[in-house]
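A.B. asks: Attaching a single structure in structure tokens format; questions to follow.
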Amino acid sequence: MKKWMCNVCGYVYSEAEGDPEHGIPPCTRWEDVPDDWVCPACGVAKKNFEIVEFG
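Here the numbering used here is used: the first residue of the sequence shown is 400, the next is one more, and so on.
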């Protein structure tokens, strides 16, 4: 599972964790997150996220 980071505020979306509070269940791949989903921390569009490598 991959992680994606908001270029504006640094919020990290983890595919393993999803965003259940906003209707995205755990294990939801980034490409399956709806295009109208926004960063739960700052409200910017999905297009403002980049994949990140940890470790």
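Where a beta carbon is used, it is the ideal one built from N, C-alpha and C, also for glycine.
Starting from Glu449 and walking both ways along the beta strand (DSSP E), at which residues does that stretch end?
C.D. replies: 448 to 451
A.B. asks: For Glu414 and Trp429, which I take to be in contact (beta-carbon distance under 8 angstroms), what is that distance rounded to the nearest angstrom?
C.D. replies: 6 angstroms
A.B. asks: Give the straight-line distance between the Cα atoms of Pro425 and Asp434, rounded to the nearest whole angstrom.
C.D. replies: 17 angstroms
A.B. asks: In three-state terms, what does DSSP make of Trp456?
C.D. replies: This structure cannot speak to residue 456, because the chain is shown only from 400 to 454.
A.B. asks: On the three-state DSSP scale, how would you describe Thr402?
C.D. replies: In the sequence as displayed, the identity of residue 402 is Lys instead of Thr. Note: Lys402 maps to strand in three-state DSSP.
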